[in-house]
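To start, the structure itself, in structure tokens.
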Amino acid sequence: MSRHQCTHDCSEHAFESSPSDSLYNCIDLDKVFVLNEGEESAGSKVIKPWDKRYDDTDILKSDVDDQLIIHIPFTGSVCLKSILVRVFSDGSAPQSVSLFPNRTDLDFESVDERKPTETFQLPVEGAGSDVLEFPVKTRLYQNMANLNLFFRRDDGDDEPVEIAFIGLRGTFIPFKGNPIITLYEAAPRPTSHKLHGVNLENRFNALS
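131 is the number that UniProt numbering gives to position 131 of the sequence shown; each next residue is one higher, with no gaps.
As structure tokens, then:
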């Protein structure tokens with residue numbers, strides 16, 4: 001598989017996304033962990049290759065309320081292009097996902113105290129069970145050793161949330177020594193892009 005290696009600011013490029021950009025093989029699945037998962041190791045099982053995106057054998061469901069924190073470590077340095085999520089339109093879906101790159105200290109107390117790099121709204125109504133792709137501001141996600149996803153609903157109902165598929169797209173350089181970790185903070189800037197390979201209407205932007 002041919003990959004563009006992210007040795008400079010990837011935001012110089014127009015957004016393009018395809019299954020060949022999948023970071024699935026760059027994720028250290030054995031070290032993925034989830035806070036508030038209802039079933040042990042369910043978090044790593046919903047991080048699936050593209051051809052398994054509609055396989056609902058494994059579903060991630062929260063335990064005691066409507067929040068999940070998913071810590072995803074990589075086996076190299078990642079430059080992120082987008083995240084992909086598939087949820088259900090039956091009331092079990094989270095309403096938003098916040099991204100925190102290069103953090104190992106997040107829990108449900110500290111996540112409310114830290115500003116996410118970007119937050120995306122999941123437009124569940126009318127989305128069916130299609131894959132949703134969220135293009136990110138790539139310059140904020142370079143040299144990543146890990147990525148944390150904070151899903152929540154916040155509608156006053158503490159019923160568990162469910163996620164069927166999580167995918168990441170970007171570029172990857174294997175670690176040759178100790179990883180270089182850089183922390184970023186910035187206000188999101190909305191953009192609009194076309195997505196090839198999934199429902200063309202399901203492209204979404206960061207919240208202001």
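We put the beta carbon where it would ideally sit given N, CA and C, even for glycine.
Residue i beta carbon near the ligand FMN (any heavy atom closer than 7 Å)
i: Glu159; result: As presented, the structure is devoid of all ligands, the ligand FMN included, so that no description of it is given.
C-alpha gap between residue i and residue j, whole angstroms
i: Asp28; j: Ser62; result: 22 Å
i: Thr138; j: Asp21; result: 13 Å
i: Ser129; j: Ser92; result: 12 Å
i: Asp112; j: Leu60; result: 22 Å
i: Ser96; j: Leu168; result: 17 Å
i: Ser17; j: Asn102; result: 23 Å
i: Pro116; j: Lys52; result: 29 Å
i: Ser77; j: Tyr24; result: 13 Å
i: Met144; j: Ile83; result: 14 Å
i: Thr104; j: Cys26; result: 18 Å
i: Leu99; j: Val85; result: 13 Å
Nearest residue (CA-CA) to residue i, options the options
i: Val87; options: Glu118, Asp107 and Glu133; result: Glu133
i: Thr171; options: Tyr141, Val111 and Asp130; result: Tyr141
i: Val64; options: Leu84, Ile166, Trp50 and Val161; result: Val161
i: Glu40; options: Asp30, Asp107 and Pro174; result: Asp30
i: Ser89; options: Asn36, Leu122, Phe74 and Ala145; result: Leu122
i: Asn36; options: Pro174, Leu106, Asn146 and Pro135; result: Leu106
i: Lys176; options: Asp55, Thr75 and Trp50; result: Thr75
i: Asp158; options: Leu68, Val34, Pro19 and Thr57; result: Leu68
i: Lys45; options: Asp58, Phe33, Ile173 and Arg152; result: Asp58
i: Arg152; options: Ala145, Met144 and Thr119; result: Thr119
i: Trp50; options: Asp66, His71 and Phe165; result: Phe165
i: His71; options: Asp154, Phe108, Gly156 and Val32; result: Val32
i: Gly156; options: Leu99, Asp55 and Asp66; result: Asp66
Three-state class that DSSP yields for residue i in the structure shown
i: Gly170; result: strand
i: Arg86; result: strand
i: Thr117; result: coil
i: Asn102; result: coil
i: Leu122; result: coil
Element boundaries [alpha helix (DSSP H), containing residue i]
i: Ser44; result: Ala42 to Val46
Limits of the beta strand (DSSP E) - the one that residue i falls within
i: Val136; result: No beta strand (DSSP E) contains Val136, which DSSP labels as neither H nor E.
i: Asn36; result: Careful: Asn36 lies outside any beta strand (DSSP E) and carries neither H nor E.
Legend entry - Unbroken stretches of the beta strand (DSSP E), 3 residues or longer, contained in the region 56-100: 67-86
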